[in-house]
Amino acid sequence: MLRFALTLLLFTLAFGVLSSSPVFSDLILAKVDRRIDLTSQIVRITTSLKVENAGSNPISEILLSFPENQAKHLAYLTATLNEGKGKGKASSGAGLPTEVVIPKDVPDSLTFYSVSLHKGLGKGESLLLDVLAVFTHALEPFPEKISQADIQLLLFQDTAHFLSPYKVMVQSVAVKLPEARVESYTKLEGTKLSGSELKYGPFHNIPPFSYLPIIIHFENNQPFAVAEELVREIEISHWGNVQVTEHYNLFHGGAKSKGEFSRLDYQARPYVRGASAFRRLVARLPPRAHSVYYRDEIGNISTSSLWGDSKKTELEIEPRYPLFGGWRTAFTIGYGLPLRDFLFESDGKRFLNFSFGSPINELVIDTLIVKVVLPEGSKDISASVPFPVKQWQETKFSHLDLVGRPVVVLEKNNVVPEHNEHFQVYYKFNSLSMLTEPLMLIFGFFFLFVACIVYMHADLSISKSSASYLAKVQWEEVQATVQQIHNIISHCLTAHDKLEASLRDLSRTGDVQACKATRKSVDSLLKGVSKDLKPLVTFLQSSPQAAHILPKVEELIAKERDLQERLMAKHTTVVDCYEKKLGGREIENRIASNQQKITSLRQEVDDLMEFIDEI
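With mature numbering (1 follows the signal peptide of the UniProt record, and there is no 0) applied, the sequence shown corresponds to residues -20 to -1, 1 to 595, in that order.
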């Protein structure tokens, strides 16, 4: 709220200075009707202007001015001539050219747009001009953080007087709110609140650059869905399909959520314990969309519904969890479209005619990237977009591509539903190029069959007397021998574990005789195993194929024997201590140093076993 107050003070001072500056022309705004729509997160201001030329020279342009706090949020601006009269008036439809201009002797706190007229406005003539300005991120949550049970309250700042470089004779403002509940609003003379509509004015004889600040604090629980980035990929296939894939990185742009989230409370009373959250989005797809899918980062585990008719196809998306302020989600929508509905020919060129923006209702897009993937072999590529965008070309490689497919990339920031206009991508394409991929498949299978025939009739066997065959046989024998050694060592390690288990049983039962019997059986087993290892090691020592692995095998056997001896010594010490009825601490002290070495040796043996197992 302090930030709003400071902003108001700065603008009031700035416009106080401007009000004493000379007017820009002899134009007079005889009547101004402004309607501000605050029913969603997008602020739409529709202004009807009756412009009169009170001077002697024709006027070819009209200036529109916006304060800095609005200009930085301006996403869309259009001005159209209104050729009707009275309440039944209708705009001509075609927007007049608008561009940013910088007049002399104006502060940086104002941004000016010039509206160019098709023909000059002569002396004493008048016209009706309709201006639509669309703003994003212009509503500030206040408070900035709310709990799950709180409603969302927003602040909107504007001027009751139409900010213009021209004198205004009569002006009124109507503000449409989403709810009848209004926390507070600036009260001026003639202010009237009726239901969910707030009216200011009429005001008379307003001087140029007059600024009368107003602040409205109101409830708005509409979905504040903001796409931080949306990447739309439109891939053209001349075999009859246009594939559209849309990647959304979306977040709730309203008041941030604080405290814990209770799903139980939300499901019991979603409109009370989650009034500011949204749990579903609706995408209006073209009427003959098919093969529609929706998935998030971990698959399609969310709920989505699809229905349509001859005029539209609607996809209702329900993410895995409701989105509160500041929460994020990412998902992908994909669908196919008939090629004949969107691809046409003109003057020897083909062109795609497609909508630019997102199909999701009332979505604000911070960054929109549209990629049009053309068939391989396309040339003389150009794009026509009804508003300024960044554009460049890339190359995308897909299956069976030789040189890649050209991609036209269009990027625009601060996109609103009003940008959902049609754009065109023109290119030339030789129809014979469509045969490239089928011919590649045909020749690919042909050469595959030829290779199979050659393989079946060729003798590719290796002679049993060749050096490579003998080396292979010797290596297989080495592998088999190493595997036998590995198995024997595994049996030894199992016997080691049996010794350790007998000591644990001894500590629990005190049965010394049973423990000695276990040691005797294990000792007998290990002696037999030692005899089995000798011929295997002798074979490896005589085989040149085992030269690189023999050191590891010998190291493994040596460390396993050392481990045997230490385990036997530990076992004997513990049993003797039990026979002498020594205490547990005394026993631990006697075997401590030996136990550390046993642990280290066991780890080394396990590492060597893993190494040999890989071979």
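Every residue gets a Cβ at the ideal spot worked out from N, C-alpha and C, and that includes glycine.
What you are looking at is a predicted structure, and each value in this text was computed from that prediction instead of being measured.
Asked: I'd like the ranges of any beta strand (DSSP E) spanning at least 3 consecutive residues and lying wholly in the segment 165 to 207.; Found: 172 to 174, 177 to 186, 193 to 199
Asked: Is there contact here, the segment 481 to 497 with the segment 540 to 560, by at least three beta-carbon pairs under 8 Å?; Found: yes
Asked: State the CB to CB distance for the pair Glu534 and Leu588, rounded to an integer number of angstroms; the pair is presumed to be in contact (CB under 8 Å).; Found: No, Glu534 and Leu588 are not in contact; Cβ-Cβ is about 10 Å, not under 8 Å.
Asked: Does DSSP put Phe311 in a helix, in a strand, or in coil?; Found: strand
Asked: Classify Gly508 as buried or exposed, calling it buried when 16 or more other Cβ atoms lie within 10 Å of its own Cβ.; Found: exposed
Asked: Any idea if His399 is buried or exposed, counting beta-carbon neighbours within 10 angstroms, 16 or more meaning buried?; Found: buried
Asked: Could you say which of Ala310, Asp138, Val31, Ala129 lies nearest to Ala248 if we only look at CA atoms?; Found: Ala129
Asked: For Asp346 versus Glu226, is the C-beta spacing smaller than 9 Å?; Found: no
Asked: Check for me: the beta strand (DSSP E) holding Ala263 runs from which residue to which?; Found: 261 to 265
Asked: Grab me the residues of Arg308's own chain with a C-beta within less than 6 Å of its C-beta, minus the 5 sequence neighbours each way, in chain order.; Found: Phe231
Asked: Along the alpha helix (DSSP H) that carries Ala55, what are the first and last residues, could you check?; Found: Careful: Ala55 lies outside any alpha helix (DSSP H), inside the beta strand (DSSP E) at 54 to 62.
Asked: With distance defined between alpha-carbon atoms, name the residue in Tyr191, Val162, Pro531 nearest to Gln151.; Found: Tyr191
Asked: Should Pro121 go down as buried or exposed, given a rule of 16 or more other Cβ atoms within 10 Å for buried?; Found: buried
Asked: Glu342 to Ser271, Cα distance in whole Å?; Found: 24 Å
Asked: Under three-state DSSP, which class holds Lys376?; Found: strand
Asked: With a threshold of 8 Å on Cβ separation, who are the neighbours of Asn229 within its own chain once the five nearest residues in sequence on each side are excluded?; Found: Ala207, Glu208, Glu209, Leu210, Arg308, Ala310
Asked: Using the C-alpha atoms, what's the distance from Asn569 back to Thr553?; Found: 11 Å
Asked: Find the nearest neighbour of Ile349 within the set Val369, Ile361, Glu356, judged by alpha-carbon distance.; Found: Val369
Asked: Quick one: grab the DSSP three-state call for Gly316.; Found: strand
Asked: Taking the DSSP output, what are the residues bridged to His270?; Found: Gly316
Asked: Is it right to say Tyr449 is buried, meaning 16 or more other beta carbons lie within 10 angstroms of its own, or is it exposed?; Found: exposed
Asked: Might you give, ordered along the chain, the residues of its own chain that have their beta carbon closer than 8 Å to the beta carbon of Glu584, omitting 5 neighbours on each side?; Found: Lys539
Asked: Taking all protein chains shown into account, do 16 or more other C-beta atoms lie within 10 angstroms of the C-beta of Ala494, making it buried, or fewer, making it exposed?; Found: exposed
Asked: In the DSSP assignment, find the alpha helix (DSSP H) that holds Glu545 and state where it starts and stops.; Found: 530 to 559
Asked: Using the C-alpha atoms, what's the distance from Val155 back to Gly68?; Found: Caution applies to Gly68, whose pLDDT of 42 falls short of 50 and renders its modelled position unreliable; the value that the coordinates give is listed next. Those two C-alpha atoms are separated by around 21 Å.
Asked: Does the Cβ-Cβ distance between Ile39 and Asp6 come in under 9 Å?; Found: yes
Asked: Please state the DSSP three-state secondary structure of Tyr301.; Found: coil
Asked: Who does Gln454 pair with in a DSSP beta bridge?; Found: BP columns for Gln454 are empty, so no partner.
Asked: When you compare each of Glu159, Glu277, Arg541 to Leu581 by their alpha carbons, which one comes out closest?; Found: Arg541
Asked: Flag this pair as touching only if the segment 349 to 363 and the segment 385 to 393 have three or more C-beta atom pairs under 8 Å; answer yes or no.; Found: yes
Asked: For Thr498, is the classification buried or exposed, using 16 other Cβ atoms within 10 angstroms of its Cβ as the cut-off for buried?; Found: buried
Asked: State the DSSP-derived secondary structure class of Ala363, mapped to helix, strand or coil.; Found: strand
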